[in-house]
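J.: Starting off with a structure, shown below.
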Amino acid sequence: MALSGLFLIIFLLQHFIINITSVFDGSVFNWLSHFMGTNPLVQFILQPILIAGVIFHFVMGFILDLQNKKARGIRYKVFKGNSNASWVSRNMIISGSTVLSFLVLHFYDFWIPEIDYKYIKVLPDDPHRYYEELILKFDNLTRVVIYVVSFFFLALHLSHGFASAFQTMGFNNKYTVIVKSIGKLYSIGIPFGFAFIAVFHHINHHYL
Amino acid sequence: MKLTLKIWRQENATVKGSMQTYSLDGVSPDMSFLEMMDVLNEQLMENGIDPVAFDHDCREGICGSCSMFINGEAHGPDRLITTCQLHMRKFKDGDTIHIEPFRAKPFPVIKDLVVDRTAFDRIQHAGGFVSVNTSGNTQDANALPIEKESADKAFDAAACIGCGACVASCKNASAMLFVSAKVSQYALLPQGQVEATDRVLNMVKQMDEEGFGNCTNTGACEVECPKGISLENIARMNREYLTANLKG
Ligand code: HEM
Ligand code: SF4
Ligand code: FES
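Protein sequence lines correspond, in order, to chains A and B. Here my numbering = 1-based position in the first sequence + 80. Here my numbering = 1-based position in the second sequence + 2.
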């Protein structure tokens, strides 16, 4: 859980760095996207590892959650979960499931069209199409709203997950305060950044 | 004080239980929670009702037997205490108090509020010890110098009284805090190194076999633990477990 979570955290950072370039310079974004979309190492090694990592993470998440519910046996009539642990830490399965349903939409939005373009329709390679496609996607207000809400839940998931993964890996010492601070920064900063990208393109191209 | 008590009643391990409501008058704020339970039981016996069975022994916070889940929290609303150290002044006249047994699949109810915590004993038997030959060649305690910080941390871990509040409070019914305290108290000392690998592997294996849940680091255990056992111990056990697995 922790290893796959940390792996996803690193992936998310890389994903963010590429996406944020779209705000500043469409040609840089096109160049990076074209590289990621055509480089065989990325396509046939890193991408399958990423997909396996995501699947492992949420499947294990569901299995662990089921085991944990079973471990209680008879439920308490009164259980004051709030008194000793935060809501986010107790509801990783809810924030995680929201992120998962977002991922389904996200794959439908970007991954399936890619596969269709490259391997089913086998259209000619066009290194300049990515920015244009991105803009078109975020023209739809409903999509932008769903993305922003999902990023909020991602922030919740990470606000517990980041530091939690370190604890699970056995890292708890005088540097833990620093890990927790970085965790807070990351869990707010990255989802906010993603949300900003979506909103930016929507406003920029729909209204301006 | 006049109280309404909603208490889990269950005849024995095989029948189903339910919450029963009793009202109790004349409770003094100076009473401990268990003394209040004693008064209730006297009243029940006078009325020909089976008294509420609950575990207790030392009544001073050292044996860990007084397992009660009070108003949704293990050992009630106070911190760093057991049920026997909880006082009625923490409640108000007219309050309704919910009292349930510690709940976990590996802690089956024996009767009313008494649960079977021998799962903890079996985890201890799996590795919570050091094998020392003490017959006739006892060593001087100071022959082996131990740095102060490690000694303190080992002592803190050894303060665990095996009460099970961590399991009861954890939304996953995970026993990681207990097991990690038992692993840590040896892992921090040179005497514990000889059997370190087997200890952590066997204790974790036993813990999983008992059916405790998985730790998701919510931290509820640390907050509810009457002895303030720290989450640091869980991280230490995870390290020990990782290295033990790498050693094979
Ligand atoms: C890209 C998105 C995601 C990232 C970056 C991420 C990251 C993390 C991290 C770092 C942890 C803590 C691991 C630990 O403490 O051992 C975690 C836990 C968890 N994740 Fe995710 N996760 C993501 C998506 C998901 C999804 C889609 C689900 C689907 C249900 C999910 C379910 C869970 C659950 C149930 C936990 C709790 C287990 C625990 O606290 O140990 N996550 N996640
Ligand atoms: S770790 Fe704390 S709560 Fe858990 S059994 Fe030991 S003393 Fe009780
Ligand atoms: S009766 Fe011993 S700790 Fe409460």
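Ideal Cβ positions, reconstructed from N, Cα and C, are used throughout, including at glycine.
For the beta strand (DSSP E) containing B:V111, name the first residue and the last one.
T.: In the second sequence, the residue the question calls residue 111 of chain B occupies position 109. Its beta strand (DSSP E) spans residues 111-113.
J.: Taking 8 angstroms as the cut-off, does the region 184-200 of chain B touch the region 146-155 of chain B (at least 3 CB pairs, one atom from each stretch)?
T.: The region 146-155 of chain B vs the region 184-200 of chain B: in contact.
J.: Would you mind telling me which residues of chain B sit closer than 7 angstroms to A:I154, beta carbon to beta carbon, in chain order?
T.: In the first sequence, counting from the first residue as 1, residue 154 of chain A sits at position 74. By Cβ distance, chain B contributes R105.
J.: Can the beta-carbon of B:F93 be found closer than 8 angstroms to that of B:L36?
T.: Residue numbering aside, residue 93 of chain B sits at position 91 when the second sequence is read from its first letter. Residue numbering aside, residue 36 of chain B sits at position 34 when the second sequence is read from its first letter. Contact: no.
J.: Roughly how many whole angstroms lie between the Cα atoms of A:P128 and A:H137?
T.: Indexing the first sequence from 1 puts residue 128 of chain A at position 48. Indexing the first sequence from 1 puts residue 137 of chain A at position 57. Their backbone Cα atoms lie some 14 angstroms apart in a straight line.
J.: Would the region 149-161 of chain A and the region 101-118 of chain B be scored as touching if the rule is three or more Cβ pairs under 8 angstroms?
T.: Verdict: yes, contact present.
J.: Quick test of the definition: if touching needs 3 or more C-beta pairs under 8 angstroms, does the region 111-131 of chain B touch the region 38-58 of chain B?
T.: Verdict: yes, contact present.
J.: Could you tell me whether any Cβ in chain A is nearer than 8 angstroms to the Cβ of B:I231?
T.: Position 229 of the second sequence, counted from the first residue, corresponds to residue 231 of chain B. Chain A contact via Cβ: absent.
J.: Please indicate yes or no: does the CB of A:T222 lie closer than 7 angstroms to some heavy atom of the ligand FES?
T.: For the purposes of this step, residue 222 of chain A is taken as the residue at position 142 of the first sequence. No.
J.: Do the region 83-90 of chain B and the region 259-278 of chain A touch if we need at least three Cβ pairs shorter than 8 angstroms?
T.: Counting Cβ pairs under 8 angstroms, fewer than three are found: no touch.
J.: Residues of the region 59-91 of chain B in Cβ contact with chain A at a cutoff of 7 angstroms, in chain order, please.
T.: Those would be F71, N73, G74, E75, in chain order.
J.: Do you know whose CA, among B:E151, B:T218, B:D142, B:G19, lies nearest A:S244's CA?
T.: If you number the first sequence from 1, residue 244 of chain A lands on position 164. Minimum Cα distance to A:S244 is reached at B:T218.
J.: Can the beta-carbon of B:K229 be found less than 8 angstroms from the beta-carbon of B:C162?
T.: Here residue 229 of chain B is taken as the residue at index 227 of the second sequence, counted from 1. Here residue 162 of chain B is taken as the residue at index 160 of the second sequence, counted from 1. Cβ distance < 8 angstroms, so B:K229 and B:C162 count as in contact.
J.: What span of residues does the alpha helix (DSSP H) with B:M239 cover, start to end?
T.: In the second sequence, residue 239 of chain B corresponds to position 237, counting from 1. From DSSP, the alpha helix (DSSP H) with B:M239 extends over 234-249.
J.: Are the C-beta of A:S169 and some C-beta of chain E separated by less than 8 angstroms?
T.: Note that chain E does not occur in the displayed structure, where the protein chains are A and B.
J.: Assuming B:M178 and B:M90 are in contact, meaning their beta carbons sit under 8 angstroms apart, how far apart are those beta carbons, in whole angstroms?
T.: Position 176 of the second sequence holds residue 178 of chain B. Position 88 of the second sequence holds residue 90 of chain B. Not confirmed; about 33 angstroms, so no contact.
J.: By the DSSP assignment, the alpha helix (DSSP H) with A:R152 in it spans what residues?
T.: The residue given as residue 152 of chain A occupies position 72 in the first sequence. 127-152 is the span of the alpha helix (DSSP H), which, as asked, contains A:R152.
J.: On the DSSP letters alone, give me the boundaries of the alpha helix (DSSP H) that A:S267 sits inside.
T.: Along the first sequence, read from residue 1 onward, the residue named residue 267 of chain A stands at position 187. Per DSSP, A:S267 belongs to the alpha helix (DSSP H) from 256-286.
J.: Could you give the C-beta distance for A:G85 and B:L244, rounded to a whole number, given that I count them as a contact under 8 angstroms?
T.: As a first step, residue 85 of chain A must be located in the first sequence, where it is residue number 5. As a first step, residue 244 of chain B must be located in the second sequence, where it is residue number 242. A:G85 to B:L244, Cβ: 16 angstroms. No contact.
J.: Report the neighbours of B:F214 on chain A: residues whose CB is nearer than 9 angstroms to its CB, in chain order.
T.: The count along the second sequence starts at 1 and reaches residue 214 of chain B at position 212. Result: A151.
J.: Considering Cα atoms alone, identify which of A:E213, A:D145, A:I89 is closest to B:K173.
T.: Here residue 173 of chain B refers to the residue found at position 171 of the second sequence. Checking every option, the nearest Cα to that of B:K173 belongs to A:D145.
J.: Exposed or buried, which one is B:K155 when buried takes at least 16 other CB atoms within 10 Å?
T.: Taking the second sequence and counting its residues from 1, one reaches residue 155 of chain B at position 153. Buried, by the Cβ-count rule.
J.: Between the beta-carbon of B:V225 and the beta-carbon of B:V202, is there less than 8 angstroms?
T.: Numbered from its first residue, the second sequence carries residue 225 of chain B at position 223. Numbered from its first residue, the second sequence carries residue 202 of chain B at position 200. Not closer than 8 angstroms, so no.
J.: Report yes if the C-beta distance between A:G133 and A:L185 is below 8 angstroms; otherwise report no.
T.: On the first sequence, residue 133 of chain A is found 53 positions in, with the first residue counted as 1. On the first sequence, residue 185 of chain A is found 105 positions in, with the first residue counted as 1. For A:G133 and A:L185, no; Cβs fall outside 8 angstroms.
J.: For the ligand FES, is there a heavy atom less than 7 angstroms away from the beta-carbon of B:D59?
T.: Sequence index remark: in the second sequence, residue 59 of chain B carries index 57 (1-based). Answer for B:D59: yes, Cβ within range of the ligand FES.
J.: Classify B:A76 as helix, strand or coil using the three-state DSSP reduction.
T.: Translated into the one-based positions of the second sequence, residue 76 of chain B becomes position 74. Strand, per DSSP.
J.: List, in order along the chain, the chain B residues whose C-beta lies closer than 7 angstroms to that of A:K157?
T.: Counting from one through the first sequence, the residue named residue 157 of chain A turns up at place 77. Chain B residues near A:K157: M21, H100, E102.
J.: Could you tell me if B:F214 is buried or exposed, where buried requires 16 or more neighbouring beta carbons within 10 angstroms of its beta carbon?
T.: The sequence position of residue 214 of chain B within the second sequence is 212, counting from 1. It is buried - the Cβ of B:F214 has at least 16 other Cβ atoms within 10 Å.
J.: Express the C-alpha separation of A:N148 and A:G241 in angstroms, rounding to a whole number.
T.: Taking the first residue of the first sequence as position 1, residue 241 of chain A is located at position 161. Taking the first residue of the first sequence as position 1, residue 148 of chain A is located at position 68. The straight-line gap from Cα to Cα measures roughly 17 angstroms.
J.: Under 8 angstroms Cβ to Cβ from A:M140, same chain only, skipping five residues before and after it: list those, please.
T.: Locating residue 140 of chain A in the first sequence gives position 60, counting from the first residue. Excluding sequence neighbours, A:M140 sits near M81, S84.
J.: Between which two residues does the alpha helix (DSSP H) carrying A:Y227 extend?
T.: For the purposes of this step, residue 227 of chain A is taken as the residue at position 147 of the first sequence. Per DSSP, A:Y227 belongs to the alpha helix (DSSP H) from 221-248.
J.: Hey, would you say the C-beta of B:I101 is under 7 angstroms away from at least one heavy atom of the ligand FES?
T.: As a first step, residue 101 of chain B is located in the second sequence; it is residue number 99 there, counting from the start. No; taking the cut-off as 7 angstroms, the Cβ of B:I101 has no heavy atom of the ligand FES nearer than that.
J.: Does the ligand SF4 have a heavy atom nearer than 7 angstroms to the CB of B:C217?
T.: Taking the second sequence and counting its residues from 1, one reaches residue 217 of chain B at position 215. False, no ligand heavy atom lies under 7 angstroms from that Cβ.
J.: For B:R11, list the residues DSSP reports as bridge partners.
T.: Position 9 of the second sequence, counted from the first residue, corresponds to residue 11 of chain B. B:R11 pairs with B:S20.
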